[in-house]
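Chemist:
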Amino acid sequence: MNRSILRNALILTAFIAFVLPCSAQWTDVRDHVRQDPVLACGPDVIYPFDVPAPSPAPAGYEAVYISHYGRHGSRYAYTAKTYTVVNEALAKAAAEDNLTPYGEQVRSVFVPFYAEAQYRVGDLTRKGWDQQRGIADVMYRSFPTAFPEGARVEACVSASFRSAMSMTSFCLKLGQLRPDLDIYEHQSVMDTRATRPNMSNPFAPESIAPPCPTQETPEDFMLRTVDWRGVLGRLFKDPDKALGRFTPWQMMDYLYMLVAGMQSLDASVAMDLSGVFPPEEWIRMWEADNYLRYREYYEYLASCCQVYDDIIARADERLTAGERGADLRFGHDHVFLTLLMIAKMGGFGVFPDRTDDVAESFQTFRSPMSANLQLVFFRPVSPADSRPVLVQVLVNGEEVSTIGDGAASPDGCCCAALKGPFFDWKAMKEYLAGQFALYRK
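Okay, here's the thing in C-alpha coordinates:
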(Lines of atoms letter the chains of each structure in order from A and count residues from 1; the text may use other names and numbers.)
(Lines give C-alpha, C1' and ligand atoms only; values in the text may rest on other atoms or scores of the structure.)
Protein backbone atom coordinates (compact mmCIF):
# COMPACT_ATOMS: atom_id res chain seq x y z
CA MET A 1 0.00 0.00 0.00
CA ASN A 2 2.42 2.65 -1.25
CA ARG A 3 0.05 5.58 -1.66
CA SER A 4 -1.60 7.78 0.89
CA ILE A 5 -4.82 6.18 2.09
CA LEU A 6 -6.52 9.54 1.98
CA ARG A 7 -5.69 10.09 -1.68
CA ASN A 8 -6.92 6.61 -2.55
CA ALA A 9 -10.50 7.57 -1.70
CA LEU A 10 -10.81 9.49 -4.97
CA ILE A 11 -9.29 6.69 -7.01
CA LEU A 12 -11.54 4.09 -5.41
CA THR A 13 -14.77 5.67 -6.60
CA ALA A 14 -13.82 5.46 -10.26
CA PHE A 15 -12.31 2.02 -9.81
CA ILE A 16 -15.41 0.50 -8.25
CA ALA A 17 -17.63 1.83 -11.02
CA PHE A 18 -15.37 0.11 -13.54
CA VAL A 19 -14.71 -3.29 -11.99
CA LEU A 20 -17.60 -4.14 -9.65
CA PRO A 21 -20.56 -5.26 -11.78
CA CYS A 22 -23.30 -6.52 -9.44
CA SER A 23 -24.51 -9.05 -11.96
CA ALA A 24 -21.38 -11.15 -12.38
CA GLN A 25 -19.10 -13.22 -10.18
CA TRP A 26 -15.42 -12.31 -10.17
CA THR A 27 -12.79 -14.89 -11.02
CA ASP A 28 -9.67 -12.75 -10.62
CA VAL A 29 -10.42 -10.79 -7.47
CA ARG A 30 -6.86 -10.75 -6.13
CA ASP A 31 -5.56 -9.13 -9.31
CA HIS A 32 -8.20 -6.43 -9.00
CA VAL A 33 -7.16 -5.75 -5.43
CA ARG A 34 -3.51 -5.61 -6.47
CA GLN A 35 -4.40 -2.98 -9.07
CA ASP A 36 -5.90 -0.81 -6.35
CA PRO A 37 -4.95 -1.89 -2.82
CA VAL A 38 -7.49 0.44 -1.25
CA LEU A 39 -10.05 -2.27 -2.02
CA ALA A 40 -8.32 -4.31 0.66
CA CYS A 41 -9.82 -1.90 3.20
CA GLY A 42 -12.82 -4.20 2.85
CA PRO A 43 -15.95 -2.89 4.59
CA ASP A 44 -14.26 0.48 5.16
CA VAL A 45 -14.08 1.45 1.49
CA ILE A 46 -15.88 4.63 0.51
CA TYR A 47 -19.30 4.59 -1.13
CA PRO A 48 -19.12 4.95 -4.96
CA PHE A 49 -21.42 7.60 -6.40
CA ASP A 50 -20.34 7.54 -10.04
CA VAL A 51 -21.79 4.16 -11.00
CA PRO A 52 -23.67 3.83 -14.31
CA ALA A 53 -27.19 5.24 -14.25
CA PRO A 54 -29.91 2.56 -14.02
CA SER A 55 -32.03 1.76 -17.07
CA PRO A 56 -35.01 4.08 -17.63
CA ALA A 57 -38.50 2.79 -16.92
CA PRO A 58 -40.02 0.53 -19.58
CA ALA A 59 -42.45 2.26 -21.92
CA GLY A 60 -45.74 2.96 -20.18
CA TYR A 61 -44.34 2.35 -16.67
CA GLU A 62 -43.34 4.69 -13.83
CA ALA A 63 -41.70 4.25 -10.44
CA VAL A 64 -44.28 4.19 -7.63
CA TYR A 65 -42.51 2.84 -4.53
CA ILE A 66 -39.02 2.06 -3.19
CA SER A 67 -38.02 -0.52 -0.59
CA HIS A 68 -34.54 0.01 0.86
CA TYR A 69 -32.03 -1.59 3.21
CA GLY A 70 -28.98 0.52 3.97
CA ARG A 71 -25.83 0.17 5.99
CA HIS A 72 -24.79 3.07 8.21
CA GLY A 73 -22.27 5.55 6.86
CA SER A 74 -18.56 5.89 7.55
CA ARG A 75 -17.71 5.66 11.23
CA TYR A 76 -14.97 5.22 13.78
CA ALA A 77 -14.03 1.60 14.53
CA TYR A 78 -17.03 -0.43 15.65
CA THR A 79 -15.09 -2.12 18.48
CA ALA A 80 -12.89 -0.40 21.05
CA LYS A 81 -10.31 -3.18 20.72
CA THR A 82 -9.30 -1.80 17.34
CA TYR A 83 -7.77 1.08 19.27
CA THR A 84 -7.03 -0.39 22.71
CA VAL A 85 -5.11 -3.46 21.50
CA VAL A 86 -2.84 -1.35 19.32
CA ASN A 87 -2.46 1.28 22.03
CA GLU A 88 -1.44 -1.34 24.60
CA ALA A 89 1.05 -2.95 22.21
CA LEU A 90 2.70 0.37 21.27
CA ALA A 91 2.88 1.54 24.89
CA LYS A 92 4.37 -1.77 26.04
CA ALA A 93 6.93 -1.75 23.25
CA ALA A 94 7.90 1.85 24.02
CA ALA A 95 8.48 0.97 27.68
CA GLU A 96 10.62 -2.02 26.67
CA ASP A 97 12.60 -0.24 23.93
CA ASN A 98 11.00 -2.59 21.39
CA LEU A 99 9.88 -0.06 18.77
CA THR A 100 11.60 0.29 15.40
CA PRO A 101 12.15 3.81 14.04
CA TYR A 102 8.98 3.40 11.99
CA GLY A 103 7.20 2.09 15.06
CA GLU A 104 8.23 5.26 16.91
CA GLN A 105 6.84 7.32 14.04
CA VAL A 106 3.52 5.47 14.14
CA ARG A 107 3.29 5.86 17.91
CA SER A 108 3.94 9.60 17.64
CA VAL A 109 0.78 10.07 15.55
CA PHE A 110 -1.24 7.35 17.24
CA VAL A 111 -1.00 8.73 20.79
CA PRO A 112 -2.83 12.03 20.03
CA PHE A 113 -5.24 10.16 17.76
CA TYR A 114 -6.09 7.68 20.51
CA ALA A 115 -6.71 10.46 23.03
CA GLU A 116 -9.88 11.33 21.10
CA ALA A 117 -10.70 8.14 19.22
CA GLN A 118 -11.12 6.08 22.40
CA TYR A 119 -14.27 8.11 23.08
CA ARG A 120 -15.58 7.97 19.50
CA VAL A 121 -15.91 4.20 19.02
CA GLY A 122 -18.73 3.51 16.57
CA ASP A 123 -19.54 7.19 16.00
CA LEU A 124 -20.73 8.29 12.59
CA THR A 125 -18.27 10.68 10.94
CA ARG A 126 -19.15 13.73 8.88
CA LYS A 127 -18.10 11.69 5.86
CA GLY A 128 -20.73 9.09 6.78
CA TRP A 129 -23.38 11.77 7.32
CA ASP A 130 -22.72 13.23 3.88
CA GLN A 131 -22.82 9.79 2.21
CA GLN A 132 -26.39 9.28 3.38
CA ARG A 133 -27.43 12.72 2.16
CA GLY A 134 -25.93 11.94 -1.23
CA ILE A 135 -27.75 8.61 -1.53
CA ALA A 136 -31.07 10.23 -0.59
CA ASP A 137 -30.49 12.91 -3.22
CA VAL A 138 -29.78 10.33 -5.94
CA MET A 139 -32.84 8.27 -4.97
CA TYR A 140 -35.19 11.22 -5.08
CA ARG A 141 -33.88 12.66 -8.34
CA SER A 142 -33.76 9.25 -10.04
CA PHE A 143 -37.34 8.27 -9.16
CA PRO A 144 -39.37 11.45 -8.57
CA THR A 145 -42.68 9.77 -9.43
CA ALA A 146 -42.36 7.68 -6.27
CA PHE A 147 -42.41 10.87 -4.18
CA PRO A 148 -45.46 12.98 -5.07
CA GLU A 149 -46.97 15.45 -2.63
CA GLY A 150 -47.88 13.74 0.65
CA ALA A 151 -46.14 10.45 -0.18
CA ARG A 152 -45.37 8.40 2.93
CA VAL A 153 -41.76 7.60 3.83
CA GLU A 154 -41.36 5.28 6.81
CA ALA A 155 -37.89 4.59 8.20
CA CYS A 156 -36.75 2.16 10.89
CA VAL A 157 -33.34 1.45 12.34
CA SER A 158 -31.38 -0.99 14.46
CA ALA A 159 -30.45 -0.11 18.04
CA SER A 160 -27.22 1.55 16.91
CA PHE A 161 -26.41 5.24 17.22
CA ARG A 162 -24.43 5.32 13.97
CA SER A 163 -27.33 3.68 12.14
CA ALA A 164 -29.83 6.07 13.74
CA MET A 165 -27.74 9.07 12.74
CA SER A 166 -27.52 7.66 9.21
CA MET A 167 -31.30 7.36 9.07
CA THR A 168 -31.73 10.92 10.29
CA SER A 169 -29.28 12.28 7.73
CA PHE A 170 -31.06 10.42 4.92
CA CYS A 171 -34.54 11.52 5.97
CA LEU A 172 -33.52 15.13 6.57
CA LYS A 173 -32.23 15.30 3.01
CA LEU A 174 -35.42 13.81 1.60
CA GLY A 175 -37.41 16.36 3.60
CA GLN A 176 -35.32 19.19 2.20
CA LEU A 177 -35.83 17.95 -1.35
CA ARG A 178 -39.58 17.47 -0.87
CA PRO A 179 -40.89 19.29 2.24
CA ASP A 180 -44.43 17.95 1.82
CA LEU A 181 -43.45 14.29 2.28
CA ASP A 182 -44.92 12.44 5.26
CA ILE A 183 -41.70 11.14 6.88
CA TYR A 184 -41.76 8.99 10.02
CA GLU A 185 -38.62 7.58 11.69
CA HIS A 186 -38.75 4.98 14.46
CA GLN A 187 -36.71 2.41 16.36
CA SER A 188 -37.92 -0.37 18.65
CA VAL A 189 -37.51 -4.07 19.37
CA MET A 190 -40.33 -4.58 16.87
CA ASP A 191 -38.01 -3.28 14.15
CA THR A 192 -35.43 -6.00 14.83
CA ARG A 193 -36.87 -8.23 12.10
CA ALA A 194 -36.37 -5.54 9.46
CA THR A 195 -33.00 -4.14 10.54
CA ARG A 196 -30.87 -6.65 12.47
CA PRO A 197 -32.68 -10.00 12.84
CA ASN A 198 -29.43 -11.89 13.38
CA MET A 199 -28.81 -10.21 16.75
CA SER A 200 -30.94 -10.58 19.92
CA ASN A 201 -34.10 -11.26 17.96
CA PRO A 202 -37.12 -12.33 20.04
CA PHE A 203 -39.06 -13.00 16.82
CA ALA A 204 -36.64 -15.48 15.26
CA PRO A 205 -38.49 -18.40 13.63
CA GLU A 206 -37.36 -22.00 13.76
CA SER A 207 -34.62 -22.38 11.22
CA ILE A 208 -32.21 -24.76 9.58
CA ALA A 209 -28.52 -23.94 10.00
CA PRO A 210 -26.54 -25.69 7.27
CA PRO A 211 -22.88 -25.99 8.29
CA CYS A 212 -20.46 -23.69 6.54
CA PRO A 213 -18.71 -25.65 3.76
CA THR A 214 -15.31 -24.32 4.83
CA GLN A 215 -14.13 -25.49 8.25
CA GLU A 216 -10.67 -23.91 8.54
CA THR A 217 -10.68 -21.25 11.25
CA PRO A 218 -9.91 -17.65 10.27
CA GLU A 219 -6.98 -17.73 12.68
CA ASP A 220 -5.45 -20.79 11.03
CA PHE A 221 -6.05 -19.27 7.59
CA MET A 222 -4.22 -16.10 8.60
CA LEU A 223 -1.32 -18.01 10.16
CA ARG A 224 -1.02 -20.07 6.97
CA THR A 225 -1.13 -17.20 4.48
CA VAL A 226 0.17 -14.01 6.15
CA ASP A 227 3.75 -13.27 7.20
CA TRP A 228 2.61 -11.74 10.47
CA ARG A 229 6.13 -11.52 11.90
CA GLY A 230 7.21 -9.61 8.81
CA VAL A 231 4.36 -7.14 9.26
CA LEU A 232 4.86 -6.64 12.99
CA GLY A 233 8.61 -6.44 12.39
CA ARG A 234 8.03 -3.07 10.74
CA LEU A 235 6.79 -1.72 14.07
CA PHE A 236 8.54 -3.84 16.68
CA LYS A 237 12.14 -5.01 17.00
CA ASP A 238 10.92 -8.30 18.48
CA PRO A 239 7.45 -9.14 17.08
CA ASP A 240 6.90 -12.11 19.40
CA LYS A 241 7.68 -10.03 22.48
CA ALA A 242 5.34 -7.30 21.25
CA LEU A 243 2.35 -9.66 21.30
CA GLY A 244 2.20 -9.64 25.07
CA ARG A 245 -1.14 -11.16 26.10
CA PHE A 246 -2.52 -11.17 22.54
CA THR A 247 -2.34 -13.90 19.90
CA PRO A 248 -0.87 -13.15 16.45
CA TRP A 249 -4.40 -13.33 15.01
CA GLN A 250 -5.78 -10.80 17.50
CA MET A 251 -2.94 -8.36 16.99
CA MET A 252 -3.00 -8.63 13.21
CA ASP A 253 -6.76 -8.35 12.77
CA TYR A 254 -7.10 -5.30 15.02
CA LEU A 255 -4.08 -3.71 13.33
CA TYR A 256 -5.72 -4.41 9.97
CA MET A 257 -8.98 -2.81 11.09
CA LEU A 258 -7.12 0.24 12.40
CA VAL A 259 -5.33 0.81 9.08
CA ALA A 260 -8.41 0.07 6.95
CA GLY A 261 -10.55 2.29 9.15
CA MET A 262 -8.63 5.39 8.19
CA GLN A 263 -10.75 5.41 5.00
CA SER A 264 -13.84 6.16 7.07
CA LEU A 265 -12.45 9.06 9.07
CA ASP A 266 -12.56 12.71 8.17
CA ALA A 267 -9.31 14.12 6.74
CA SER A 268 -8.64 16.20 9.85
CA VAL A 269 -8.53 13.06 12.00
CA ALA A 270 -7.17 10.21 9.84
CA MET A 271 -3.56 9.08 10.15
CA ASP A 272 -1.40 7.96 7.24
CA LEU A 273 -0.60 4.34 8.16
CA SER A 274 0.16 3.23 4.62
CA GLY A 275 3.57 1.87 5.59
CA VAL A 276 2.35 -0.63 8.19
CA PHE A 277 1.62 -3.46 5.74
CA PRO A 278 3.80 -4.48 2.77
CA PRO A 279 1.61 -4.53 -0.37
CA GLU A 280 1.22 -8.30 -0.69
CA GLU A 281 0.67 -8.83 3.03
CA TRP A 282 -1.98 -6.10 2.95
CA ILE A 283 -3.93 -8.08 0.35
CA ARG A 284 -3.46 -11.33 2.25
CA MET A 285 -4.62 -9.74 5.47
CA TRP A 286 -7.73 -8.46 3.74
CA GLU A 287 -8.38 -11.99 2.54
CA ALA A 288 -8.02 -13.36 6.07
CA ASP A 289 -10.44 -10.76 7.45
CA ASN A 290 -12.75 -11.35 4.48
CA TYR A 291 -12.82 -15.05 5.33
CA LEU A 292 -13.57 -14.27 8.97
CA ARG A 293 -16.65 -12.31 7.96
CA TYR A 294 -17.77 -14.91 5.42
CA ARG A 295 -17.74 -17.57 8.14
CA GLU A 296 -19.65 -15.28 10.48
CA TYR A 297 -22.24 -14.09 7.96
CA TYR A 298 -22.91 -17.59 6.68
CA GLU A 299 -24.53 -18.26 10.04
CA TYR A 300 -26.96 -15.39 9.42
CA LEU A 301 -28.57 -16.81 6.27
CA ALA A 302 -31.62 -18.12 8.10
CA SER A 303 -32.24 -15.13 10.36
CA CYS A 304 -31.80 -12.47 7.69
CA CYS A 305 -34.58 -13.96 5.59
CA GLN A 306 -36.81 -11.93 7.92
CA VAL A 307 -35.63 -8.73 6.26
CA TYR A 308 -36.98 -10.03 2.97
CA ASP A 309 -40.20 -11.00 4.78
CA ASP A 310 -40.57 -7.38 5.77
CA ILE A 311 -39.71 -6.13 2.30
CA ILE A 312 -42.33 -8.38 0.72
CA ALA A 313 -45.07 -7.65 3.26
CA ARG A 314 -44.66 -3.88 3.15
CA ALA A 315 -44.36 -3.77 -0.64
CA ASP A 316 -47.54 -5.79 -1.13
CA GLU A 317 -49.35 -3.60 1.40
CA ARG A 318 -48.29 -0.43 -0.41
CA LEU A 319 -49.06 -1.79 -3.85
CA THR A 320 -52.50 -3.03 -2.79
CA ALA A 321 -53.32 0.36 -1.24
CA GLY A 322 -51.97 2.25 -4.23
CA GLU A 323 -49.63 4.23 -1.96
CA ARG A 324 -46.49 5.92 -3.15
CA GLY A 325 -43.34 6.61 -1.17
CA ALA A 326 -40.65 4.44 0.40
CA ASP A 327 -39.84 2.10 3.26
CA LEU A 328 -36.30 2.59 4.53
CA ARG A 329 -34.32 0.29 6.83
CA PHE A 330 -30.96 1.18 8.35
CA GLY A 331 -28.57 -1.37 9.74
CA HIS A 332 -25.24 -3.04 9.14
CA ASP A 333 -22.91 -4.69 6.65
CA HIS A 334 -23.42 -8.17 8.14
CA VAL A 335 -27.10 -7.95 7.18
CA PHE A 336 -26.52 -6.26 3.81
CA LEU A 337 -24.02 -8.87 2.62
CA THR A 338 -26.18 -11.71 3.91
CA LEU A 339 -29.10 -10.35 1.89
CA LEU A 340 -26.94 -10.60 -1.23
CA MET A 341 -26.03 -14.19 -0.29
CA ILE A 342 -29.65 -15.22 0.26
CA ALA A 343 -30.83 -13.83 -3.07
CA LYS A 344 -27.70 -14.89 -4.97
CA MET A 345 -26.87 -11.42 -6.25
CA GLY A 346 -23.53 -10.78 -7.87
CA GLY A 347 -22.17 -14.29 -7.33
CA PHE A 348 -22.75 -14.11 -3.58
CA GLY A 349 -24.83 -17.29 -3.63
CA VAL A 350 -21.76 -19.47 -4.33
CA PHE A 351 -20.57 -21.31 -1.22
CA PRO A 352 -17.12 -22.82 -1.95
CA ASP A 353 -15.77 -25.71 0.08
CA ARG A 354 -12.15 -24.52 -0.10
CA THR A 355 -11.00 -21.63 2.07
CA ASP A 356 -8.75 -20.30 -0.68
CA ASP A 357 -11.76 -19.94 -3.02
CA VAL A 358 -13.90 -17.80 -0.71
CA ALA A 359 -12.49 -14.47 -1.92
CA GLU A 360 -13.70 -15.24 -5.45
CA SER A 361 -17.33 -15.46 -4.27
CA PHE A 362 -17.51 -13.09 -1.29
CA GLN A 363 -15.84 -9.70 -0.98
CA THR A 364 -16.34 -7.38 1.99
CA PHE A 365 -15.57 -4.32 -0.12
CA ARG A 366 -18.85 -4.97 -1.94
CA SER A 367 -20.36 -3.51 1.24
CA PRO A 368 -18.80 -0.02 1.33
CA MET A 369 -19.80 2.39 4.04
CA SER A 370 -23.45 3.37 3.37
CA ALA A 371 -23.97 0.29 1.19
CA ASN A 372 -27.59 -0.13 0.21
CA LEU A 373 -30.04 -2.43 -1.53
CA GLN A 374 -32.97 -0.73 -3.27
CA LEU A 375 -35.98 -2.41 -4.82
CA VAL A 376 -37.70 0.11 -7.08
CA PHE A 377 -41.27 -0.84 -8.01
CA PHE A 378 -42.81 0.18 -11.34
CA ARG A 379 -46.45 0.12 -12.40
CA PRO A 380 -48.15 0.96 -15.69
CA VAL A 381 -49.08 4.62 -15.88
CA SER A 382 -52.54 3.79 -17.22
CA PRO A 383 -54.95 2.10 -14.77
CA ALA A 384 -56.31 0.18 -17.75
CA ASP A 385 -52.91 -1.39 -18.42
CA SER A 386 -52.92 -4.89 -16.92
CA ARG A 387 -49.21 -5.57 -17.25
CA PRO A 388 -47.52 -6.83 -14.06
CA VAL A 389 -45.65 -4.88 -11.38
CA LEU A 390 -41.94 -4.76 -12.22
CA VAL A 391 -38.98 -4.34 -9.87
CA GLN A 392 -35.58 -2.85 -10.57
CA VAL A 393 -32.92 -3.97 -8.08
CA LEU A 394 -30.05 -1.61 -7.27
CA VAL A 395 -27.00 -2.57 -5.23
CA ASN A 396 -25.03 0.51 -4.24
CA GLY A 397 -26.83 2.39 -6.98
CA GLU A 398 -25.95 -0.07 -9.74
CA GLU A 399 -28.69 -2.18 -11.29
CA VAL A 400 -28.62 -5.96 -10.96
CA SER A 401 -29.17 -7.84 -14.20
CA THR A 402 -29.44 -11.37 -12.79
CA ILE A 403 -30.73 -12.84 -9.54
CA GLY A 404 -29.89 -16.48 -8.92
CA ASP A 405 -27.14 -17.96 -11.03
CA GLY A 406 -27.80 -21.69 -11.06
CA ALA A 407 -25.05 -22.28 -8.51
CA ALA A 408 -25.43 -24.97 -5.88
CA SER A 409 -27.30 -24.00 -2.72
CA PRO A 410 -26.46 -25.42 0.71
CA ASP A 411 -28.88 -28.32 0.12
CA GLY A 412 -27.34 -29.15 -3.25
CA CYS A 413 -30.19 -27.68 -5.31
CA CYS A 414 -29.73 -25.22 -8.13
CA CYS A 415 -31.71 -22.03 -8.59
CA ALA A 416 -32.72 -20.84 -12.03
CA ALA A 417 -31.72 -17.27 -12.68
CA LEU A 418 -34.17 -14.40 -12.99
CA LYS A 419 -33.27 -12.00 -15.76
CA GLY A 420 -33.51 -8.24 -15.32
CA PRO A 421 -32.98 -5.41 -15.18
CA PHE A 422 -36.75 -5.31 -14.61
CA PHE A 423 -38.01 -8.33 -12.71
CA ASP A 424 -41.60 -9.52 -12.48
CA TRP A 425 -42.52 -8.95 -8.82
CA LYS A 426 -44.59 -12.12 -8.59
CA ALA A 427 -41.74 -14.22 -9.99
CA MET A 428 -39.25 -12.59 -7.62
CA LYS A 429 -41.43 -13.39 -4.62
CA GLU A 430 -41.70 -17.01 -5.70
CA TYR A 431 -37.94 -17.17 -6.15
CA LEU A 432 -37.28 -15.70 -2.71
CA ALA A 433 -39.78 -18.10 -1.12
CA GLY A 434 -37.72 -20.94 -2.57
CA GLN A 435 -34.58 -19.46 -1.04
CA PHE A 436 -36.23 -19.07 2.38
CA ALA A 437 -37.23 -22.75 2.32
CA LEU A 438 -33.55 -23.67 2.37
CA TYR A 439 -33.18 -22.19 5.84
CA ARG A 440 -36.57 -22.69 7.52
CA LYS A 441 -38.20 -25.71 9.08
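Taking my numbering, I'd label the letters of the sequence shown as residues 64 to 504. Every residue, glycine too, gets a C-beta built ideally from N, C-alpha and C.
1) Check Val172 in the structure and name its three-state DSSP category.
2) When the Cβ atoms of the region 275–289 are set against those of the region 350–360, are three or more pairs found closer than 8 Å?
3) By the 10 Å Cβ neighbour count, where 16 or more other Cβ atoms means buried, how is His131 classified, buried or exposed?
4) Would Ala199 pass as a contact of Cys234 if the rule is Cβ separation under 9 Å?
5) For Ala152 and Glu248, I'd like the C-alpha separation in whole angstroms.
6) Pick out whichever of Ala222, Asn459, Arg503, Leu495 has its Cα sitting closest to the Cα of Pro117.
7) Measure the beta-carbon distance from Leu336 to Met325 and round it to whole angstroms, keeping in mind my assumption that it falls under 8 Å.
8) Taking the continuous alpha helix (DSSP H) assigned at Leu495, which residues delimit it?
9) For the alpha helix (DSSP H) that contains Arg241, what are its first and last residues?
10) When the Cα of Thr142 is compared with those of Leu318, Glu269, Leu501, Val456, which residue comes out closest?
11) Pairs of beta-carbons, one from the region 415–430 and one from the region 399–406, closer than 8 Å: are there three or more?
12) Expressed to the nearest angstrom, what Euclidean distance is found between the alpha-carbon atoms of Phe485 and Val454?
13) Pairs of beta-carbons, one from the region 159–174 and one from the region 409–428, closer than 8 Å: are there three or more?
14) Does Phe233 come out as helix, strand or coil in the three-state DSSP assignment?
15) Is the region 356–367 in contact with the region 263–280, if contact means three or more CB pairs nearer than 8 Å?
16) Does the beta-carbon distance from Asp372 to Ala218 come in below 9 Å?
17) Determine the extent of the beta strand (DSSP E) in which His131 is found, giving its start and end residues.
18) CB-CB under 7 Å to Lys504, same chain, minus the five flanking residues each way: which ones, in chain order?
19) So, are the CB atoms of Ser327 and Arg138 less than 9 Å apart?
20) Would you please state the rounded distance, in angstroms, between the beta carbons of Pro100 and Trp345? I believe it to be under 8 Å.
21) In its own chain, which residues sit with a C-beta less than 7 Å from the C-beta of Ile374, not counting the 5 before and 5 after it?
22) Where does the unbroken beta strand (DSSP E) through Cys219 begin, and where does it stop?
23) Quick check on this structure: which residue in Arg259, Tyr360, Phe440 has the alpha carbon closest to the alpha carbon of Arg377?
24) Exposed or buried, Asp396, counting other C-beta atoms within 10 Å across all chains shown (16 or more means buried)?
25) With 16 as the cutoff for other CB atoms within 10 Å, does Ser263 come out buried or exposed?
26) Does DSSP put Asp396 in a helix, a strand or coil?
27) Thinking C-alpha only, which one of Asp290, Ser221, Lys155 is nearest Ala305?
28) Is Val332 closer than 9 Å to Phe176 when the C-beta atoms are compared?
29) What is the DSSP secondary structure of Asp316, reduced to helix, strand or coil?
30) Could you tell me the distance, in whole angstroms, from the CA atom of Lys407 to the CA atom of Tyr494?
31) Based on DSSP bridge pairs, tell me the residues matched to Lys482.
32) Tell me which residues share the same chain as Cys104 and place their Cβ nearer than 6 Å to its Cβ, disregarding the 5 neighbours each side in the sequence.
33) Could you have a look at Val201 and say whether DSSP puts it in helix, strand or coil?
34) List the residues that DSSP assigns as beta-bridge partners of His249.
35) With a threshold of 16 other CB atoms inside 10 Å of the CB of Tyr110, please say whether the residue is buried or exposed.
36) Quick check: the Cα distance between Ser445 and Pro121, rounded to an integer number of angstroms?
Modeler: Let me spell this out:
1) In the structure shown, the three-state DSSP call for Val172 is helix.
2) yes
3) The residue in question, His131, is buried, as its Cβ has 16 or more Cβ neighbours within 10 Å.
4) The Cβ atoms of Ala199 and Cys234 sit closer than 9 Å to each other.
5) 42 Å
6) Of the candidates Ala222, Asn459, Arg503, Leu495, the one whose C-alpha sits nearest the C-alpha of Pro117 is Asn459.
7) 6 Å
8) Where Leu495 is concerned, the enclosing alpha helix (DSSP H) stretches over 488–499.
9) Neither: Arg241 is in no alpha helix (DSSP H) and is coded neither H nor E.
10) Nearest to Thr142 by C-alpha distance, out of Leu318, Glu269, Leu501, Val456, is Leu318.
11) yes
12) 5 Å
13) These segments do not touch.
14) helix
15) yes
16) no
17) 124–134
18) Glu269, Ser270, Ile271
19) Yes, the pair counts as a contact, with Cβ atoms nearer than the cut-off.
20) 6 Å
21) Ser130, Leu438
22) 215–220
23) Arg377 has its Cα closest to that of Phe440, out of Arg259, Tyr360, Phe440.
24) buried
25) exposed
26) Assigned with DSSP and collapsed to three states, Asp396 falls in helix.
27) Lys155
28) yes
29) helix
30) 11 Å
31) Note: Lys482 sits in a beta bridge opposite Thr465.
32) Ala323, Gln326
33) In the structure shown, Val201 sits in a helix (DSSP, three-state: H, G or I).
34) Cys219
35) buried
36) Distance between the alpha carbons of Ser445 and Pro121 is about 13 Å.
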